[in-house]
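So the protein lines, in turn, are chains A and B. Residue numbering for the first sequence follows my numbering, starting at 1 and increasing by one per position. Residue numbering for the second sequence follows my numbering, starting at 1001 and increasing by one per position. Note sheet for the following structure.
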Amino acid sequence: GDSVTQMEGPVTLSEEAFLTINCTYTATGYPSLFWYVQYPGEGLQLLLKATKADDKGSNKGFEATYRKETTSFHLEKGSVQVSDSAVYFCVRGGGGSNYKLTFGKGTLLTVNP
Amino acid sequence: DVKVTQSSRYLVKRTGEKVFLECVQDMDHENMFWYRQDPGLGLRLIYFSYDVKMKEKGDIPEGYSVSREKKERFSLILESASTNQTSMYLCASRRGQTYGYTFGSGTRLTVV
Chain A
1 GDSVTQMEGP
11 VTLSEEAFLT
21 INCTYTATGY
31 PSLFWYVQYP
41 GEGLQLLLKA
51 TKADDKGSNK
61 GFEATYRKET
71 TSFHLEKGSV
81 QVSDSAVYFC
91 VRGGGGSNYK
101 LTFGKGTLLT
111 VNP
Chain B
1001 DVKVTQSSRY
1011 LVKRTGEKVF
1021 LECVQDMDHE
1031 NMFWYRQDPG
1041 LGLRLIYFSY
1051 DVKMKEKGDI
1061 PEGYSVSREK
1071 KERFSLILES
1081 ASTNQTSMYL
1091 CASRRGQTYG
1101 YTFGSGTRLT
1111 VV
């Protein structure tokens, strides 16, 4: 079935460091891809999305590019801030008539001042 | 601002009780979903509904049922609560396939 594999955490960085969180997905169909963020004590928020191959989603300094050839959607940010500390989820849309989203397990990011 | 509202932030219920978790969205979205989130297991889909009165089982429907009588409201029902249903429950909705979900803030349910 559909699956998403993302890098296990926790990830601990210093402020202004470069962030990469790896994510790969199963390739059946033509899914949309998403990154969600969950700040402590809150629900999930959509961070960015890409709906087709070679699309780049971006928001708040975060970027991810839909790579069909490597079935990847890695999240990157050039300079993290303490306020970026959260859990990040890579998510695969169902594609076609499949309504489900498939979530990765989440990666906890802690940014220290 | 668009919203998904879950009726309770925290709930404590006794084993064997019937529990209703309510979710309301104000965006006229067709699709609505219930997930539970547990440490180490991530988010798991319980049930979803792609339209009024329509429902489909997700990955872990056992012990749960749902109701969608109106487009804006999607209820999750625990017929007889058990301690292994202690979890964070997240409701979400979306307009269509290429759109992201909008999530509610979650209900943390403890069954004692």
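Ideal Cβ positions, reconstructed from N, Cα and C, are used throughout, including at glycine.
#1: Does the count of Cβ pairs from the region 26-34 of chain A and the region 83-93 of chain A closer than 8 angstroms reach three?
#2: Just the Cα atoms here: how many angstroms apart are F1020 (chain B) and G1063 (chain B)?
#3: Listed in chain order, which residues of the region 1046-1061 of chain B have Cβ atoms closer than 8 angstroms to some Cβ of chain A?
#4: Let me know if M1032 (chain B) comes out buried or exposed under the rule of 16 or more other beta-carbons within 10 Å of its beta-carbon.
#5: Considering Cα atoms alone, identify which of A:G41, A:V11 and A:T5 is closest to N112 (chain A).
#6: Report the three-state DSSP secondary structure of D84 (chain A) (helix, strand or coil).
#7: By the 10 Å Cβ neighbour count, where 16 or more other Cβ atoms means buried, how is V1004 (chain B) classified, buried or exposed?
#8: Give, in chain order, every residue of the region 1008-1042 of chain B whose Cβ lies closer than 7 angstroms to some Cβ of chain A.
#9: Rounded to whole angstroms, what is the Cα-Cα separation between E1079 (chain B) and Q1085 (chain B)?
#10: Using DSSP bridges, identify the partner residues of T53 (chain A).
#11: Is the shortest distance between the beta-carbon of I1096 (chain B) and the beta-carbons of chain A less than 7 angstroms?
#12: If I follow the unbroken beta strand (DSSP E) through M1088 (chain B), where does it start and stop?
#13: Examine chain A for any beta-carbon lying closer than 7 angstroms to the beta-carbon of S1065 (chain B), and answer yes or no.
#14: What three-state label does DSSP hand T1083 (chain B) in the structure shown?
#15: Taking the straight line between their C-alpha atoms, what separation do you get for V4 (chain A) and W1034 (chain B)?
#16: Taking 7 angstroms as the CB-CB limit, is S1093 (chain B) close to chain A?
On the basis of the data shown:
#1: With a cut-off of 8 angstroms, the region 83-93 of chain A and the region 26-34 of chain A count as touching, because enough Cβ pairs lie within range.
#2: Cα to Cα, the separation comes out at about 13 angstroms.
#3: For the region 1046-1061 of chain B, which is checked against every Cβ of chain A, the residues closer than 8 angstroms are F1048, Y1050, E1056 and G1058.
#4: Counting the other CB atoms within 10 Å of its CB gives M1032 (chain B) a total of 16 or more, which places it among the buried residues.
#5: Residue A:V11 holds the alpha-carbon nearest to the alpha-carbon of N112 (chain A) among A:G41, A:V11 and A:T5.
#6: Here D84 (chain A) sits in helix by DSSP.
#7: V1004 (chain B) comes out buried.
#8: Cβ contacts with chain A: N1031 and G1042.
#9: Straight-line measurement puts the Cα of Q1085 (chain B) at about 11 angstroms from the Cα of E1079 (chain B).
#10: It should be noted that the sequence gives Ala, not Thr, for residue 53 (chain A). Answer is none; A53 (chain A) lacks a bridge partner.
#11: For clarity, residue 1096 (chain B) is Gly in the given sequence; the question names Ile instead. Answer no: the Cβ-Cβ gap between G1096 (chain B) and chain A never drops below 7 angstroms.
#12: Run containing M1088 (chain B): S1087 to R1094, per the beta strand (DSSP E) assignment.
#13: S1065 (chain B) does not count as touching chain A.
#14: When DSSP states are grouped into helix, strand and coil, T1083 (chain B) belongs to the helix group.
#15: Linking V4 (chain A) to W1034 (chain B) through their CA atoms gives a straight-line distance of about 19 angstroms.
#16: No, because no Cβ of chain A sits closer than 7 angstroms to the Cβ of S1093 (chain B).
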